[in-house]
Amino acid sequence: MVKAVVTGNYPDGFNIAREVNAEVIGITEKVFPDGEQYVRLDEPDKVRDSTILVISTMYPMQDQSLLKLLILADALARNQAREFIGVIPYLAYSRQDKVFMPGEPVSASTVLRILKSAGYSRLVVVDFHSNSLLSDFKSYLVNILVSDLLVKAVVDKLDKPVILAPDKGALERARFAAESIGLDYDYLVKSRDRVTGAVSYAPREVSVEGRDVVIVDDIISTGGTIAEASRILLKQGARRIFVAASHGLMIGNALSRIMDAGVQRIILANTLSSRLEHPLVEYVDISSRIASVLRELIQA
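Under my numbering, the sequence shown has 195 at position 202, and the numbering climbs by one with no breaks.
Structure below.
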């Protein structure tokens, strides 16, 4: 029988466990006065010879979340779990997926190697940022796209919609969403005026004039790129702008920055432990999509 451990920073993980009919093994979590973490399996005898889903996420408190996954792995191994699979909707450090400047690490690769070394047989993640590392770790990482679910949540409200990726690297997310519904899609090309230094965005091919635009991306952090692109698209004649993202970190004043740029609505997946309470922010529960992938993985 498949069993699950759900960490305290991701209560939505109980929905995933329920959908795969996994028995949940409780854990005790606490932080000592000096800041060190403590984790204990409440029923360690239930772990032996079982496949365990460790369901967690890694925002906020990325470093603590990573360490918790590592010490949980040790507890599972010591109690003779047959295997344990990490189900981590948001995997931190994924944006540092290459050396941008001399002397930098590839932090995303480091995190993946650490988790693999800790004993996780597979990692199931949502909308992983790095295409190159998906290729490098293709036998280890299971990546779930959910952009179609986000767009479907708002598509009935749209007029002549077009799905846009903010850059070429995000085109697969836009394509995945658009083709599942039968919509046009494209990506934005960023250019800079050599004389004035002004930055501009424009779709590579499609016209946005008179159309509702859904910008699809994996992560919203400070919201600067989304806000800038939205303003320019509205100036180019777009009717309304909607934003759909898998991971809404929404750091600082990201929400006001995006809304001030004229965005009508933000649609986010429930991959994080934190949520924004705002009438123009909508969350889509992706538990069923994750559970479906897990069932296939377990049966295989």
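Cβ coordinates follow ideal geometry from the N, Cα and C atoms, glycine included.
> Alpha carbon to alpha carbon, how far is Y178 from D152?
Replying inline: 14 Å
> The beta strand (DSSP E) with I251 in it runs from where to where?
Replying inline: Here I251 belongs to no beta strand (DSSP E); instead the alpha helix (DSSP H) covers 247 to 253.
> Which residue comes first and which comes last in the beta strand (DSSP E) that contains A238?
Replying inline: 233 to 241
> Taking D42 as the reference, which of M(-6), T103, D186, A170 has the closest Cα?
Replying inline: M(-6)
>> Distance check for Y83 and L265, CA to CA, integer angstroms please.
In response: 7 Å
> Could you give the uninterrupted runs of the alpha helix (DSSP H) lying entirely in the stretch 8 to 87, keeping only those of 4 residues or more?
Replying inline: 55 to 71
> Going by C-alpha distance, which of I212, T218, Y194 is nearest S228?
Replying inline: Reading the sequence as shown, one finds Lys at residue 228 and not Ser. Comparing Cα positions, the closest option is Y194.
>> Does V188 come out as helix, strand or coil in the three-state DSSP assignment?
In response: coil
> Should N263 go down as buried or exposed, given a rule of 16 or more other Cβ atoms within 10 Å for buried?
Replying inline: buried
>> Between the alpha carbons of R11 and S184, how many angstroms are there, rounded?
In response: 48 Å
> For A254 versus R233, is the C-beta distance shorter than 8 Å?
Replying inline: no
>> Taking 6 Å as the limit between beta carbons, can you name the residues of its chain near K23, skipping five residues before and five after?
In response: Y31
>> Among V199, L62, S239, whose alpha-carbon lies nearest the alpha-carbon of T0?
In response: L62
> According to DSSP, what are the bridge partners of A158?
Replying inline: Y180
> Where I9 and D149 are concerned, what is the direct C-alpha to C-alpha distance, given to the nearest angstrom?
Replying inline: 27 Å
> Are the stretch 32 to 52 and the stretch 64 to 83 touching, with three or more C-beta to C-beta distances below 8 Å?
Replying inline: yes
> For E77 versus Y113, is the C-beta distance shorter than 8 Å?
Replying inline: Looking at the sequence itself, residue 77 is Phe, so the reference to Glu does not match. Yes; because the gap between Cβ atoms is below 8 Å, this pair is in contact.
> Going along the chain, which unbroken runs of the beta strand (DSSP E) with 3 or more residues stay wholly within the stretch 104 to 161?
Replying inline: 113 to 119, 134 to 137, 155 to 158
>> Using CA atoms only, rank isn't needed, just tell me which of L157, V13, S281 is closest to V199.
In response: L157
>> Using 8 Å as the cut-off, can you tell me whether the stretch 88 to 97 makes contact with the stretch 133 to 143, which would need three or more C-beta pairs spanning the two stretches below that distance?
In response: no
> Whole-angstrom Cβ separation of D205 and P154, contact assumed at under 8 Å?
Replying inline: 5 Å
>> Spatial neighbours of A170 within its chain, please: C-beta separation below 6 Å, excluding the five flanking residues on both sides.
In response: S140, D141, V144, I156, V209
>> Can you tell me whether L226 is buried or exposed? The criterion is at least 16 other CB atoms within 10 Å of its CB, across all chains shown.
In response: buried
> A163: which of S239, A231, I20, A68 sits nearest, CA to CA?
Replying inline: S239
> Are the beta-carbon atoms belonging to A68 and L34 less than 8 Å from one another?
Replying inline: yes
> Could you give the C-beta distance for V277 and A146, rounded to a whole number, given that I count them as a contact under 8 Å?
Replying inline: 5 Å
> If you draw a straight line from the C-alpha of K39 to the C-alpha of L181, how long is it?
Replying inline: 51 Å
> Counting along the chain, where does the alpha helix (DSSP H) carrying R288 start and finish?
Replying inline: 280 to 292
>> For the alpha helix (DSSP H) containing K(-4), name the first residue and the last one.
In response: K(-4) -> not in any alpha helix (DSSP H); beta strand (DSSP E) instead, spanning -5 to -1.
>> Suppose the cutoff is 7 Å on Cβ atoms and the five residues either side in sequence are ignored; what does the same chain contact list for L242 look like?
In response: Y52, I212, I213, S214
> Just how far apart, CA to CA, sit K131 and V188?
Replying inline: 44 Å
> Under 8 Å between the Cβ atoms of I244 and A220?
Replying inline: no
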